[in-house]
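In this note's numbering, the protein residues as written are 143 to 220.
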């Protein structure tokens, strides 16, 4: 990409032609209480992920149907 001048940078601040959000499923997150050994995404972010057993399952075990949360909560439309 070309370098922008300071004026171009100021002109672009707050502008947006496109906003993309990729969202597959929802997880509940809590502070990670125990440290696992070896590399771990949970350890890297310090969070433990879980799902509510009441959430509807799909053909993929990691995807859950969570209509009351999902996008609206993720982008704070409520």
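C-beta: ideal position from N, C-alpha, C; glycine also. A quick note: this is a predicted structure, and the numbers were derived from the prediction, not measured.
Which residue's Cα is closest to the Cα of residue i: the options?
i	options	result
residue 188	158, 178 and 195	178
residue 202	191, 167, 176 and 175	167
residue 174	192, 143, 199 and 160	192
residue 209	156, 155, 151 and 165	165
residue 172	184, 195 and 161	184
residue 190	176, 197, 196 and 181	176
I'd like to know whether the C-beta atoms of residue i and residue j end up nearer to each other than 8 Å.
i	j	result
residue 217	residue 170	no
Which same chain residues, not among the five before or five after residue i, have their C-beta less than 7 Å away from its C-beta?
i	result
residue 199	206
Near residue i, what residues of its chain come up, given a Cβ to Cβ distance below 8 Å and the 5 sequence neighbours on each side ignored?
i	result
residue 204	167
residue 152	none
I'd like the ranges of any beta strand (DSSP E) spanning at least 3 consecutive residues and lying wholly in the region 162–199. 170–173 and 189–192
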